[in-house]
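A short worksheet on the structure shown next.
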Amino acid sequence: MPKTDWYKDLVFYQIWPRSFCDGDGDGIGDLTGVLGKLDYIRSLGVNALWFSPLYPSPQDDYGYDIADYCAINPEYGTLAQFQEVLEKAHALGMKVIMDLVLNHTSNQHAWFLESLHLDSPKADWYIWRRGTDKKPPNNWTSTFPGPGWEKRERYNADGSVSSDAWYYLHLFAVEQPDLNHDCPALREALKDVQRFWLDMGVDGFREDVITYISKKEGLPNGFPLMPAGRGMEHFSQGPNLRKYLAEYRTVVDEYDAMTVGEAPGMTPQNALRYIDQNAPVLDLMFHFQHMTADCIGLAWVKTRFSLRKLKKVFNAWQQALRGRAWNTLYLENHDQPRVLSRFGCTDTEELRVASGKALAAAYLLQQGTPFIYQGQEIGMTNLPPLALEEYPDVVTHNTYDLFRSLGFSHKRTMAHAAYAARDNARSPVQWSSAPNAGFTTAEKPWFMVNPNYKTINVANALADPNGLPQWYKQVLALRSVRTLFRDGTYRDLCPRSQTLYMYTRELPGEQSCLVVISFSKKVTQIQLPKAIAARGVQLVLDSTNNAVDATAPPTHERNLTLKPYQVQVYFYQ
Ligand code: GLC
């Protein structure tokens, strides 16, 4: 039976629970906090939620190190509270997907502890190999810079320590051992995990680094010069990836649920192997190509933001997937520094809001399913530069070590960290100008609140009729009432411009749409394309004026003066 494609009509809001909202006053975000904010989220025009991991976890990677797949982290609440959130979200018309980390677990997971015993049925549930005392089994390194193997004692049936030099593979933190998906019993166990949440009523999964689950047989050495994630050519999109994904999908299909897979290094052509609608093993895929519009590979290797580069990626994905697969649209998540501090402009308060609107319009009206990350809708920005020890994320520390080992000075490395640390996206959501931004009533939140919270917060933003959340609401409302935005073609009219993004959406039998976005800090004069102006254009949204008269007659005027980062959305026949 062909699956329904309801995921195409969703707009997601991502919750990173630790920093979303603290309901019980212990300084850590939780489900009580979430429950109190569901109406707010819904009011933005969002109709789906993605929860970053809520599972019990030692928090070595803030929940992406799962210690128990079928429970809720007590810091966040209980299963009963999760059910309450789920029911309320459903009652409000929102779907809910869980983050599912299938590539690895925490080293505190019972499965891992059992796998230490060589006679255990779970002995091969992780990727164990023998090395020598000084030498790991191959040259792979972690994608969280640092070694990829950890030596660990294992035990014989009689309880004695094995005399072999055992190592386990960890493509992420040392506390995150990789699971061995080549083991059929493990795959069955993971299917049961999926059933557990689907039976409870969740609507699908965001599958963490899912393209890494199949490693090449024999684990051959990787390209030696690769500084981090060495061996990637053997563990990214490995030989059995499609097969395992197809197997996991059979479960999801039983429930008519959806999946979105995280896919580092993915190109549009390769993506079609997994999300082509004729033979999908995932519904959607998060790629990272557009997140390199200001860097080489990773925000740590920064360049100047290039609008042209951003559009080139947008265009390539819109074209390649058209009619064959469905796009996933996003600019922020818990792994990316705040987009306003990267692709936007934070020189003044006015420019911050204006560029936040420009960025929203740049992606929300494309074809695909959009995702909004907590705090993005009020234009949260990066943290001020911190001292190394003030950054909680393991990746910040490991990348610091890597940069230092490559010869970068402390000062230079810290400047890179200030721009690129994932911590920038993980400070508490700024709800109001109350102490700790209204995130918690505790004296001290688990991680610092951005000092700009007195200006940038939800209460202030909502009080401004021309504020950012209002813009998100307007754009999403426009998007939701027209099949044009779901099904129409996409065309970039000036792909080479570094300051102007102008794209159309067209669908036979419907009015077409022209989105005009300035990415300039200056006032600019532009001309609308002759052929479009000739047909008469009608302004329906303007980022500088939330009360556009959308019933005014169309005009044929081609010359347009745009304020810094101004957005205008037109319909035409
Ligand atoms: C994904 C997650 C990231 C996590 C990593 C390891 O990239 O988004 O937060 O650290 O996988 O699980």
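Quick note, the sequence shown lines up with residues 166 to 738 if you use the numbering used here. Just so it is clear, CB atoms sit at the ideal spot from N, CA and C, and this is done for glycine as well. Since we're looking at a predicted model, the values are computed, not measured.
Could you please give me the residues that DSSP links to residue i through a beta bridge?
i	result
E382	E382 pairs with nothing; no bridge assigned.
V732	I682
T664	Answer is none; T664 lacks a bridge partner.
W314	L334
H269	D343
M450	G426
R371	D264, V425
T493	T534
Q692	N724
D657	Y668
S325	Its beta-bridge partners do not exist; DSSP assigns none.
Y420	The partner list for Y420 (beta bridge, DSSP) is empty, contrary to what the question assumes.
Determine, for residue i, whether the minimum Cβ-Cβ distance to residues of chain B falls below 7 Å.
i	result
K287	Judged by its chain identifiers, the structure shown contains no chain B, having just a single protein chain.
So, helix, strand or coil for residue i, using DSSP?
i	result
E353	helix
M166	Unreliable positioning characterises M166 in this predicted model, as indicated by a pLDDT of 43, which lies under 50. The coordinate reading is nonetheless provided below. Looking at M166 - three-state DSSP - the assignment turns out to be coil, as it is neither helix nor strand.
A519	helix
W171	helix
D284	coil
S506	helix
T415	helix
T457	helix
A125	Residue coverage of the chain in this structure runs from 166 to 738, which leaves residue 125 outside it and unanswerable.
S597	coil
D189	coil
N724	strand
L706	strand
E608	coil
L529	helix
V466	strand
S677	strand
T546	coil
S184	helix
T513	coil
Y737	strand
T306	strand
Y377	helix
Y556	coil
Y220	coil
Y618	helix
Y740	Outside the shown range of the chain (166 to 738) lies residue 740, about which nothing can therefore be said.
D364	helix
V713	coil
Q246	helix
A393	coil
CB residue i to CB residue j, shorter than 7 Å?
i	j	result
Q442	Y655	no
G313	W611	no
G198	D187	yes
N238	Y227	no
R503	T511	no
Y333	P302	no
E542	Y637	yes
H282	Y320	yes
I378	L449	no
D233	A338	no
K381	G366	no
P389	H399	no
F177	F536	yes
I231	D368	no
L351	W290	yes
N631	L548	no
With respect to the alpha helix (DSSP H) encompassing residue i, which residues constitute its N-terminal and C-terminal limits?
i	result
L115	The displayed coordinates of the chain run from 166 to 738. Any statement about residue 115 would go beyond what the structure contains.
N589	Note, N589: premise wrong, no alpha helix (DSSP H); not H, not E.
N563	559-570
P433	433-440
D652	648-652
H581	575-585
H399	397-400
Looking at the unbroken beta strand (DSSP E) that takes in residue i, where does it start and where does it end?
i	result
G296	293-296
A213	213-216
Q639	Not the beta strand (DSSP E): Q639 falls in the alpha helix (DSSP H), residues 633-645.
P239	Note, P239: premise wrong, no beta strand (DSSP E); not H, not E.
Q179	177-180
W482	Not the beta strand (DSSP E): W482 falls in the alpha helix (DSSP H), residues 472-486.
- Message: Tell me which residues pass a beta-carbon proximity test against the ligand GLC: closer than 5 Å to any heavy atom, given in chain order.
- Response: D226, Y229, F337, D373, V374, D500
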